[in-house]
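These protein sequences, in sequence, are chains A and B.
Sequential numbering from 96 applies to the first sequence in the numbering used here.
Sequential numbering from -2 applies to the second sequence in the numbering used here.
Report on the structure given below.
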Amino acid sequence: MPGAVQSIERAAAILRLLASGHRRLGLGEVAASLGLAKGTAHGILRTLQHVDFVEQDQATGKYQLGAALLHLGTSYLDVNELRSRSINWADALAARSGEAVRIGTPLEGQVLVVHHVFRPDDTLQTLDVGSLLPLHASALGKVLLAYGATPVAPLVEAGLEAYNRHTLATPEDLDRALTEIREVGWAAEVQEMIIGEAGIAVPIRGQGGLVVGAIGVSGAVERICDTRGRPHPNLVALVRDAARAVSRDLGAARW
Amino acid sequence: MTSMPSSPASEGLLMVERYVMSIDQGTTSTRCILFDHRGRLVSVAQREHQHHFPRPGWVEHDAVEIWRNLQRIVPQAMDGAEADQVAAIGIANQRETTVLWDRTTGAPVGKAISWQDTRTDSLVEDLRRTTGDDFFLDRCSLPLATYFSAPRIRWLFDHVEGLHERAERGEVLFGTMETWLIWNLTGGPTGGLHITDVTNASRTMLMNTRTLTWDEDLLAYFGVPRSMLPEIRSSAESYAVAGSLLPGVRIGAALGDQQAALFGQTCFAPGEAKCTYGTGSFLLINTGTQVIRSRHGLLTTVGYKIKDEPAVYALEGPIAVTGSLVQWFRDSLGLISSAPEIETLARTVDDNGGCYIVPAFSGLYAPHWRSDARGVIVGLTSYITKGHLARAVLEATGWQTREVVDAMNADSPHSLKELKVDGGMTANNLLMQFVAEVLDVPVVRPMVAETVSLGAAYAAGLAVGYWPDLEGLRRNWHRAAQWLPDMDPERRESEYDNWQRAVERALGWIKPAKRSLS
């Protein structure tokens, strides 16, 4: 039996190191912790970054575990597959809620709309599959952030754009909102992106409970919310039913 | 089984909700769905049945297995609802599949012969040579083909000892799947109702398209005794009350699946058309109460007939290979691991790179009807990647749709203004956009994707007064998505020209060979 491959052992040690701490580590810290030359550590980190097992923070140059590691062992879910599997449930949600339905997945720091069902009133509407929404100002995006489907830190570091006075534009406000979303299991967006518009979204889970996307309804704020600006509970229930149905279809056991 | 309870906010809480049940007896499975008054899906139960392939080209189902499956899924779909909450049952079914059974025992004579079965090809070739197409076109509006039921009955008489004599004595009954299920639902050997509807009968090659009755000349030609045939009824009328499976519930409709989809898409006016994109695809255009004889390779068929109203006809363009080309790309080439991934792969490139795939796996259906064609991939260069091939796979479905629409525009006085689409492939955005581009008309997808089931439910609900009229049904139809054409006309035409040149290369690949009947 051939001997162990030294560089793979070292790569494994780097991953363990990054997984053990709660903060990002710089190149010097990684090299010193493992007793490696900086050049060696850098080469391995670059390779791990290339396969998305490690991410490097743009501003500080520090390293953390990459998103691809989260998907290890679960099959990567193709966005077109997600649309195919959810199309009947999304239709039913639009028919029951009377509102437009969208399904979003994370893409490079934004929400990619992978499916869109028109509001069932036969008014002129344009299909916006393929368009992008801001993570922090949309119900879909906040769900993806709250459940770790995409990292919060780079977004905060890049600065949270304020679209109007309702937008969650500070890290503290966003953090508080994400904590609440995790507690209640759904997100609302009340005029945070566009004045007069509101939305509700719930996570879609795949195998093992991993959040792979979000499904939600959106429309005029007076239809989505009550007079105090709180989303109608029956709409929330409809979105949760649809999300649960899609998640079950995708193989999430408990939802 | 899955179900979504109706929202209490949108229904009256005090009223007991009533539903219409649809049964879709399809090629691969039987599905039972409850719809509410607004045409929304309330519950679904489904069960697949086995396909039997005893010899190359033979495809069979076990009719008893299908009836048992229905008995299992009906209670599942009811999901706690009582029989008196079901206003009516509507049936949609795979067309042309042929089953013969014993009138007294209810036992089928052998397996049901699927519409996909081509065992009658030599028989059909011989008959066609001696008789010519006009004899058939003048009476049943169909060209002689292995596709339809009558040659299968003839084949069974020729190959099953004593069957013809038993049929002559009235001991054997014929039916397509809706006939078999209605007979069993209404008591089977003890008083079962032996009926079919005009749409299913229009696919047997035994019904006269104008009189909507069994045609004496055709019965004589195929040697089919009248006594074995079901009574031809309207697509929507109260036929009978179901027996023990759903006691007291009226059976109110039966339609062939593609006609059911036309009805479910509410294509009630002449010129309105739908295309169902599945394994194969079926484009139907409503031509009103007029029988139009196609001069461009389409089939004339009955669209539907409501109660005593005049029958509404349709032109149909069946395309043999659309979704199955994606399946081939996945299973035989292994270039993708699931069908939806074809879109992801196709989006890795901007165009087809000059590559075209004509999927004439078993010849070409409408509008070419060339059994001597076989598939070709043309335009290969070292530049072509699997992404280009994925594009060409999807574009093949778009161009085949265009060919059928061109034939319809040439045959029908109404040119196509909009195409309503349904079926699994409508989840593919790239494809739907491409269909809009090549047809140069808007493509729209309705909110209820289950149009076959919905059409059967609509017809049944109409028959018993659950829905008042066609306008009421139209109000239930809502647009879920719309794709608008945005292609440079010059590019459209040059691409279409390339496609047509590719098709030319597929034609005539199989050399004529005299085959002996085994």
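By construction, the Cβ of each residue, glycine as well, lies at the ideal position given by its N, Cα and C atoms.
Beta bridge counterpart(s) of residue i as assigned by DSSP
i, result
"Lys271 of chain B", "B:Leu281, B:Lys417"
"Asn495 of chain B", "DSSP, once it has assigned bridges, lists no residue as partnering Asn495 of chain B."
"Leu227 of chain A", "A:Leu207"
"Trp98 of chain B", "B:Pro105, B:Leu170"
"Asn522 of chain B", "Past the boundaries of the shown model lies residue 522 of chain B; chain B is included only from -2 to 515, so the question cannot be answered."
"Gln43 of chain B", "B:Arg28"
"Tyr301 of chain B", "B:Val309"
"Cys320 of chain A", "A:Pro326"
"Gly49 of chain B", "A quick correction: the sequence has His, not Gly, at residue 49 of chain B. According to DSSP, His49 of chain B bridges with B:Glu57."
"Gly313 of chain A", "Note on identity: in this sequence residue 313 of chain A is Ser, with Gly being the wrong assignment. Paired residues: A:Ala195, A:Gly294."
"Trp177 of chain B", "None, per the DSSP bridge assignment."
"Ile354 of chain B", "B:Ile374"
"Arg367 of chain B", "B:Leu361"
"Val149 of chain A", "A:Leu160"
"Glu228 of chain B", "B:Ile192"
"Ile86 of chain B", "B:Met18, B:Ile248"
Simplified DSSP assignment, three categories, for residue i
i, result
"Ala107 of chain A", "helix"
"Gly18 of chain B", "One detail in the question is off: residue 18 of chain B reads as Met in this sequence, not Gly. In this structure, Met18 of chain B counts as strand in the three-state DSSP scheme."
"Arg339 of chain A", "helix"
"Asp38 of chain A", "An answer regarding residue 38 of chain A cannot be provided, because it is not within the stretch 96 to 350 covered by chain A."
"Ala266 of chain B", "coil"
"Gln91 of chain B", "coil"
"Met444 of chain B", "coil"
"Ala239 of chain B", "coil"
"Ala244 of chain A", "coil"
"Ile316 of chain B", "strand"
"Ala257 of chain A", "coil"
"Arg200 of chain B", "coil"
"Thr341 of chain B", "helix"
"Gln287 of chain B", "coil"
"Arg292 of chain B", "coil"
"Leu66 of chain A", "An answer regarding residue 66 of chain A cannot be provided, because it is not within the stretch 96 to 350 covered by chain A."
"Thr193 of chain B", "strand"
"Thr206 of chain B", "coil"
"Thr187 of chain B", "coil"
"Ala389 of chain B", "helix"
"Ser513 of chain B", "At Ser513 of chain B the pLDDT is 48, less than 50, meaning the model places this residue with poor confidence; the figure from the coordinates comes in the next sentence. Correct three-state label for Ser513 of chain B: coil."
"Gln101 of chain A", "helix"
"Arg116 of chain B", "coil"
"Trp517 of chain B", "What is shown of chain B runs -2 to 515, which leaves residue 517 of chain B out entirely."
Cβ-based neighbour list, residue i, same chain, cut-off 8 angstroms, excluding 5 preceding and 5 following
i, result
"Lys271 of chain B", "Ala258, Leu259, Gln262, Cys264, Leu280, Leu281, Leu416, Lys417, Val418, Asp419, Thr448"
"Ile63 of chain B", "Gln22, Thr27, His46, Ala109, Met174, Trp177, Leu178"
"Ala163 of chain A", "Val146, Asp147, Phe148"
"Thr169 of chain A", "Note on Thr169 of chain A: pLDDT 48, under 50, position unreliable in the model; the coordinate value appears next. Taken in chain order, the residues that qualify are Gly301, Gln302, Gly303, Leu305."
"Phe145 of chain B", "Glu93, Leu139, Arg200, Thr201, Met202"
"Val195 of chain B", "Met204, Leu209, Ile229, Arg230, Ser231, Ser232, Val299, Tyr301, Lys302, Ala308"
"Met484 of chain B", "Glu434, Val435, Asp437"
"Val288 of chain B", "Ser138, Thr206, Arg207, Thr297, Tyr310"
"Asn197 of chain B", "Asn90, Arg92, Thr173, Glu175, Thr176, Ala251, Leu252, Gly253"
Beta-carbon contacts of residue i that lie in its chain and below 7 angstroms, excluding the five residues immediately before and after
i, result
"Pro148 of chain B", "Thr117, Leu120, Val121"
"Asn343 of chain B", "Sequence inspection shows Ala at residue 343 of chain B; the Asn mentioned does not correspond to that position. Excluding residues within five positions, the ones whose Cβ falls inside 7 angstroms are Gly384, Ala387, Arg388, Leu391, Leu427."
"Asp214 of chain B", "Arg136"
"Ala336 of chain B", "Val323, Gln324, Arg327"
"Asn183 of chain A", "none"
"Gly185 of chain B", "Gly103"
"Val373 of chain B", "Val355, Ala499, Arg502, Ala503"
"Glu203 of chain A", "none"
"Asn349 of chain B", "His385, Arg388, Ala389, Glu392"
Chain-order list of residues whose beta-carbon lies under 6 angstroms from that of residue i (same chain, five-residue window excluded)
i, result
"Arg37 of chain B", "none"
"Gly268 of chain B", "His411"
"Thr345 of chain B", "Gly384"
"Val341 of chain A", "Ser181, Trp184, Ile299"
Under 7 angstroms by beta carbon: chain C residues contacting residue i
i, result
"Ala424 of chain B", "Of the chains in the structure shown, none is chain C; the protein chains are A and B."
Using a beta-carbon distance cut-off of less than 7 angstroms, what residues from the stretch 477 to 501 of chain B approach chain A? Within the stretch 477 to 501 of chain B, the residues whose Cβ lies closer than 7 angstroms to some Cβ of chain A are Ala477, Ala478, Gln479, Trp480, listed in chain order.
Taking only beta carbons into account, state which residues of the stretch 338 to 364 of chain B come closer than 9 angstroms to chain A, listed in chain order. For the stretch 338 to 364 of chain B, the set of residues with a beta-carbon nearer than 9 angstroms to any beta-carbon of chain A comprises Glu338, Ile339, Glu340, Thr341, Arg344, in chain order.
Can you give me, in chain order, the residues of the stretch 304 to 337 of chain A that have a beta carbon less than 7 angstroms from any beta carbon in chain B? Listed in sequence order: Asn329, Leu333, Asp336.
By the 7 angstroms beta-carbon criterion, what residues does the stretch 428 to 457 of chain B contribute toward chain A? Residues of the stretch 428 to 457 of chain B with a C-beta less than 7 angstroms from any C-beta of chain A: Met444, Val445, Ala446, listed in chain order.
Which residues of the stretch 11 to 45 of chain B have a Cβ closer than 9 angstroms to any Cβ of chain A? Give them in chain order. Per Cβ criterion, the list reads Arg35, Gly36, Arg37, Leu38, Val41.
Can you pull out the residues from the stretch 104 to 121 of chain B whose beta carbon lies closer than 8 angstroms to at least one beta carbon of chain A? From the stretch 104 to 121 of chain B, no residue has a Cβ closer than 8 angstroms to chain A.
Which parts of the stretch 261 to 286 of chain A are runs of the alpha helix (DSSP H), unbroken and 4 residues or longer, counting only runs that do not cross its ends? Counting only runs of at least 4 residues, the stretch 261 to 286 of chain A fully encloses the following alpha helix (DSSP H) elements, listed from N- to C-terminal order: 266 to 279.
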